[in-house]
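Asks: Before I ask anything, let me first share the structure, which is written out below as structure tokens.
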Amino acid sequence: MADQSKLKLPHRAEHIGSLLRPPALREAFKARAAGKMSEAAYREIEDRCIVEAIRMQEAAGLATITDGEFRRSSWAFGLVNAVEGFGLAPSMFEFHDAAGNNYGFETCQATAKIRRTRPIAVDDFAFVRRHTRRVPKVTMPAPSFMHFFRGKSCVDPAVYPGLAEFWADLVHVYREELDALGRAGAEYLQIDEVPLTMLCDPAVRERARAIGEDPETLVTTYINAVNDALATRPPRMTVGMHLCRGNLRSRWLAAGSYEPVAARLFNEVRVEAFFLEYDTERAGDFAPLRLVPPDKTVVLGLVSTKSPVLETPEALRRRIDEAARYVPLERLALSPQCGFASTVGGNLLSADDQRRKLELVADVARRVWG
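One rule links them: number in our numbering = place in the sequence shown (from 1) + 51.
In structure tokens, the structure reads:
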């Protein structure tokens, strides 16, 4: 496969970032947590597993490469744990599964002033770049994650009596990190946005009102936070935004068409591409894509990472053709709907299932776009 590093981003075949942790890494994670493995021994296993994950992505035919987010306990806590000032607190929202069960989880709360005292993703990026000639993609949670799941209680009021200073400090963290990523040579960033997608769900909007938040004000706040964070980004950095409805052990947080936020999301967020989940009926139809402006790319998340069932090339092609009624084919691309392992535990499918799904994405992209 030719080196595609100079091709326009995103690539026709993409993936969202996280990969299933191999058994050796999961066991090492437990051993380190129990105090039975040194940090150096753990890092050696972690490095080896990441290199193997890079080779798997290359063999699957992908031109975009991540470290699988193997160095993070979860997709968002890579940032939370790296930044000074965050502690843990219960979320005011819950995950759901197909059986109708609900599951609580922990999120973050600012218990001290927010400061970037060390790199968040720079070292992870540098490691990937040393081990592939293809394009490393950096993934980071959107600023909204640090607010939405606890609303106004996302901060200790003794530390941040008002939220304006909290947002200013958080945006400063992003600007510092993006500057450092640019100096390290990073040219591709994906912002993972969950709360804006959740605000498509009427039940979530009602829950937000119940904890004292106005959904439309939140949309404005979160769009502004992303744009402020990206305002000083390196000029050569391409940024995409992944819109996610929650991804934990094949569970989800929300459902609903993008329609309630589409006009503002697609036209106001200053990114070059949107990675949109479209793997189940929970996402609604493609009609909101009519609102995507002509300078934006849409990456269709049509391959499920929640189920081991392998989609067919024919079904994916039909779905791509449906989306092309709203966005021209030349501005579309293909990916799984989310990562395969937003946490160490991963979703309910196997490494072979994961590999086959990534190969399918690459194969269909070649068939459709050449």
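We put the beta carbon where it would ideally sit given N, CA and C, even for glycine.
Taking the Cβ atom as the reference point for each residue, do Pro345 and Asp414 lie within a distance shorter than 8 angstroms?
Replies: no
Asks: So what's Ala172 in DSSP terms, helix, strand or just coil?
Replies: coil
Asks: Alpha carbon to alpha carbon, what distance is there between Ala91 and Asn398?
Replies: 28 angstroms
Asks: Look up Ser355 in the DSSP assignment and say whether it is helix, strand or coil.
Replies: coil
Asks: Could you tell me whether the stretch 302-317 touches the stretch 332-346, where touching means 3 or more Cβ pairs closer than 8 angstroms?
Replies: yes
Asks: I'd like the span of the alpha helix (DSSP H) that includes Pro246, first residue to last.
Replies: Pro246 to Met249
Asks: In the DSSP assignment, find the beta strand (DSSP E) that holds Leu327 and state where it starts and stops.
Replies: Ala324 to Glu328
Asks: Any idea what DSSP makes of His62, helix, strand or coil?
Replies: coil
Asks: Looking at the strands, I want to know which residues DSSP matches up with Pro187.
Replies: Answer by DSSP bridge pairing, in chain order: Ile116.
Asks: Using three-state DSSP, classify Arg122 as helix, strand or coil.
Replies: coil
Asks: With 16 as the cutoff for other CB atoms within 10 Å, does Leu58 come out buried or exposed?
Replies: Reliability of the predicted coordinates at Leu58 is poor, the pLDDT of 46 falling under 50, and no value is obtained from them.
Asks: For Val131, collect the residues of the same chain with a Cβ closer than 7 angstroms to its Cβ; drop the 5 residues on either side in sequence, then sort them by chain order.
Replies: Phe137 and Cys159
Asks: Buried or exposed, going by whether 16 or more other CB atoms sit within 10 Å of the CB of Tyr225?
Replies: Buried, by the Cβ-count rule.
Asks: Please report the residue range of the alpha helix (DSSP H) in which Gln160 lies.
Replies: No alpha helix (DSSP H) contains Gln160, which is instead part of the beta strand (DSSP E) from Glu157 to Arg167.
Asks: When DSSP builds the beta bridges, which residues end up paired with Ile242?
Replies: Met191 and Met292, per the DSSP bridge assignment.
Asks: Compare the Cα-Cα distances from Ser386 to each of Glu120, Phe80, Ile116 and Ala79 and report the closest residue.
Replies: Ile116
Asks: Contact defined as beta carbons within less than 8 angstroms: I believe Val343 pairs with Val378. What is the distance between those atoms, to the nearest angstrom?
Replies: 5 angstroms
Asks: Answer yes or no: do Val312 and Leu327 have a C-beta to C-beta separation smaller than 8 angstroms?
Replies: no
Asks: Rounded to whole angstroms, what is the Cα-Cα separation between Ala261 and Val245?
Replies: Taking the straight line from one Cα to the other gives about 19 angstroms.
Asks: Answer yes if the stretch 167-184 comes into contact with the stretch 198-215, meaning at least three C-beta pairs across the two stretches below 8 angstroms, and no otherwise.
Replies: no
Asks: Pick helix, strand or coil for Glu90, following the three-state DSSP scheme.
Replies: helix
Asks: Looking only at C-alpha atoms, which of Met249, Leu76, Val206 and Arg180 sits nearest to Tyr239?
Replies: Arg180
Asks: For Phe144 and Ser393, what's the separation of their Cα atoms in angstroms?
Replies: 17 angstroms
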